[in-house]
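Notes for the one structure printed next.
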Amino acid sequence: MIENDPEKRISLSKVIDQLTPLHPTNRLSLLQYDSRNLLCSIGTPSSVYHVGTFEGSPLAVKRVPWKNCTTKSFEELKRLDHSNIVRLLHFDQDDLYKYFGMELHVASMDQFFLPEDDPKKYNGPIPSEEQFCFQLISGLEYIHEQNLVHGSIKPTNVSISSRKDPQIKSSDFGLTTSSLNDGHSTKRLISGFLSSQYCLAPELLECDSTDGQSTKESDFFAAGSVFFYFLSNKAAICLGMQPTKY
Numbered sequence: 001m002i003e004n005d006p007e008k009r010i011s012l013s014k015v016i017d018q019l020t021p022l023h024p025t026n027r028l029s030l031l032q033y034d035s036r037n038l039l040c041s042i043g044t045p046s047s048v049y050h051v052g053t054f055e056g057s058p059l060a061v062k063r064v065p066w067k068n069c070t071t072k073s074f075e076e077l078k079r080l081d082h083s084n085i086v087r088l089l090h091f092d093q094d095d096l097y098k099y100f101g102m103e104l105h106v107a108s109m110d111q112f113f114l115p116e117d118d119p120k121k122y123n124g125p126i127p128s129e130e131q132f133c134f135q136l137i138s139g140l141e142y143i144h145e146q147n148l149v150h151g152s153i154k155p156t157n158v159s160i161s162s163r164k165d166p167q168i169k170s171s172d173f174g175l176t177t178s179s180l181n182d183g184h185s186t187k188r189l190i191s192g193f194l195s196s197q198y199c200l201a202p203e204l205l206e207c208d209s210t211d212g213q214s215t216k217e218s219d220f221f222a223a224g225s226v227f228f229y230f231l232s233n234k235a236a237i238c239l240g241m242q243p244t245k246y
């Protein structure tokens, strides 16, 4: 901040990013994280926990190891405000993890199609087929209008908001890109993992490594795959058949 050369002086936004985790009312790292409040850990180093009420709101926290998380875009993503997007509310970090506090939801879409004897199966209400598709694409349209790419659209990242008034919300921005003023794009990794192959567009599957960059077009492909997964499994249930496991 007191660098003599103005060109080398740290920006105000970077100062805020450094000081925010130190604020005593925003210490997600001090909450309890164990198997009793674990919501999911789907084969990745990151896990999602239900930490009860935090600053007056029901909260889920995604805890991501530093080595699997290079995001610098929390403040940018926090500004996203749409009824069909899970809101990021808080951020914290310690020596081992980064913590992303977000709206708590009752289930992810894939839990609706789990076997009846699965303890994680969701048996509550969901929107109609038409509303499901509309709400998912409405949230995606908003993301794209902000010059962002979701990059991780798949059944486990489509949330059901509540039992009382179920809404479909996109969650877990695995990889986002933001168009900067100079015309370049910056990759920002939150979860450390791309979408599963089930929902990856062909152009991403053809990449030799995870360097393939998600685009708005690949988001559309992923959304179409989720539409197919949802509608075909709903039809299977109506016909008394076993839904496809994701």
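For the sequence shown, the residue numbers in the UniProt record's numbering are 1 to 246.
The C-beta atom is built at its ideal place from N, Cα and C for all residues, glycine as well.
Owing to the predicted nature of the structure, the values given are computational and were not obtained by experimental measurement.
With 16 other Cβ atoms within 10 Å as the buried cut-off, status of residue i
| i | result |
| --- | --- |
| VAL86 | buried |
| LEU194 | Low confidence applies here, because LEU194 scores a pLDDT of 35, under 50, leaving its location unreliable; read the following figure in that light. The residue in question, LEU194, is buried, as its Cβ has 16 or more Cβ neighbours within 10 Å. |
| THR177 | Residue placement at THR177 cannot be trusted, given a pLDDT of 41 that sits under 50; what the coordinates show is reported in the next sentence. The residue in question, THR177, is buried, as its Cβ has 16 or more Cβ neighbours within 10 Å. |
| PHE113 | buried |
| ASP5 | exposed |
| GLY56 | exposed |
| ASP172 | buried |
CB of residue i within 8 Å of CB of residue j, strictly
| i | j | result |
| --- | --- | --- |
| LEU219 | ILE153 | For the record, residue 219 in the displayed sequence is Asp; it is not Leu. Yes, these two residues count as a Cβ contact at 8 Å. |
| LEU59 | GLY101 | yes |
| ASN84 | LYS169 | yes |
| GLN135 | GLN167 | yes |
| LEU231 | GLU129 | yes |
Which listed residue (the options) has its alpha carbon closest to that of residue i
| i | options | result |
| --- | --- | --- |
| GLU103 | LEU89, ASP110 and LEU96 | LEU89 |
| MET127 | PHE221, MET109 and ASP117 | Note that residue 127 corresponds to Pro in the displayed sequence, not to Met. Ranking the options by Cα distance to PRO127, first place goes to MET109. |
| GLU75 | ILE160, VAL226, ASN4 and VAL15 | VAL15 |
| ILE160 | SER214, ILE2, GLY124 and LYS234 | GLY124 |
| PRO65 | ASP94, ARG79 and ILE137 | ASP94 |
| GLY151 | SER214, LYS78 and ARG163 | SER214 |
Beta-ladder partner(s) of residue i, from DSSP
| i | result |
| --- | --- |
| LYS169 | SER159 |
| ALA107 | ILE160 |
| ASP92 | TYR99 |
Alpha-carbon spacing of residue i relative to residue j, whole angstroms
| i | j | result |
| --- | --- | --- |
| GLY183 | PRO155 | Below a pLDDT of 50, predicted positions are generally treated as unreliable, and GLY183, at 39, falls in that range; the measurement from the model is reported next regardless. Going from the Cα of GLY183 to the Cα of PRO155 covers about 32 Å. |
| ASP117 | GLN111 | 12 Å |
| LYS120 | ALA107 | 9 Å |
| CYS133 | PHE227 | 7 Å |
| LYS98 | ASP92 | 6 Å |
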